[in-house]
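Just so it is clear: in the sequence shown, position 13 is 12 by numbering that gives the first Met the number 0, and no numbers are missing. For glycine and all other residues, C-beta sits at the position ideal for the given N, C-alpha and C. Nothing here was measured: the structure is a model prediction, and the numbers come from that model. Structure record follows, encoded as structure tokens.
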Amino acid sequence: MLPERRAHATLPTPDPERLRRFYEDVLGFVPFEERPAAVLYRAGDGSLFAISRSSARSSGAHTQLAFTVPDIEAEVAGLRARGVVFEEYETPRTENGVARLPAGRAAWFRDPDGNLLGIIEFDPRE
Numbered sequence: 000m001l002p003e004r005r006a007h008a009t010l011p012t013p014d015p016e017r018l019r020r021f022y023e024d025v026l027g028f029v030p031f032e033e034r035p036a037a038v039l040y041r042a043g044d045g046s047l048f049a050i051s052r053s054s055a056r057s058s059g060a061h062t063q064l065a066f067t068v069p070d071i072e073a074e075v076a077g078l079r080a081r082g083v084v085f086e087e088y089e090t091p092r093t094e095n096g097v098a099r100l101p102a103g104r105a106a107w108f109r110d111p112d113g114n115l116l117g118i119i120e121f122d123p124r125e
């Protein structure tokens with residue numbers, strides 16, 4: 000049944016070969032499988048995601064893929080050093096690219112095709 004299966008996000012792109020440069024050269028991912036129209040990447044704790052050829056474009060209106068990080072300031076600084084530009088929002092209000100949410104702190108950035116990616120540092124459970 001589906002609750003027992005691994006899940007993954009698929010990010011659309013008209014040009015997987017072009018977009019993979021961002022995920023590999025800027026974000027540091029290494030492909031573990033390449034298909035004719037998709038490239039798959041592993042992330043922490045057994046998660047994975049794909050960039051896949053699609054004529055549909057991302058709306059970028061919501062977070063499509065998010066990563067849990069232990070130290071959001073360090074992650075934002077490291078990504079900025081690699082050329083990543085973070086979104087600034089009024090709601091939720093960001094300061095230096097980072098917003099306070101009920102569950103923790105988060106920041107968002109876009110890949111070259113407009114897919115909205117997020118990073119979040121969850122507050123410790125009490």
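Would the region 89–99 and the region 28–40 be scored as touching if the rule is three or more Cβ pairs under 8 Å? no
Are the beta-carbon atoms belonging to Leu-64 and Leu-116 less than 8 Å from one another? The residue given as residue 64 occupies position 65 in the sequence shown. The residue given as residue 116 occupies position 117 in the sequence shown. Closer than 8 Å, so yes.
Supposed close pair Phe-28, Asp-110 - CB separation, criterion 8 Å: Within the sequence shown, numbered from 1, the residue matching residue 28 stands at position 29. Within the sequence shown, numbered from 1, the residue matching residue 110 stands at position 111. Not really, about 11 Å apart at Cβ, beyond 8 Å.
Opening and closing residue of the alpha helix (DSSP H) in which Glu-120 lies: Position 121 of the sequence shown holds residue 120. First-last for Glu-120: 115–121, but that is the beta strand (DSSP E), not the alpha helix (DSSP H).
Less than 7 Å between C-beta atoms, sequence neighbours within five positions excluded: which residues of the same chain meet that for Gly-103? By one-based count along the sequence shown, residue 103 stands at place 104. Result list for Gly-103: Ile-119, Glu-120, Phe-121, Asp-122, in chain order.
In or out: Asp-112 buried (at least 16 other Cβ within 10 Å) or exposed? Position 113 of the sequence shown, counting from 1, holds the residue named residue 112. Under this definition Asp-112 is a buried residue.
Can you tell me where the beta strand (DSSP E) holding Val-75 begins and where it ends? Here residue 75 corresponds to residue number 76 of the sequence shown, with the count starting at 1. Element bounds for Val-75: not the beta strand (DSSP E) but the alpha helix (DSSP H), 71–80.
For Phe-28, three-class secondary structure by DSSP: Looking up residue 28 in the sequence shown gives position 29. Of the three classes helix, strand and coil, the one that applies to Phe-28 here is coil, per DSSP.
Any 3 or more C-beta pairs closer than 8 Å across the region 75–92 and the region 45–58: no
Of all the CB atoms in chain B, is at least one closer than 8 Å to the CB of Gly-45? Chain labels in this structure do not include chain B; a single protein chain is all it has.
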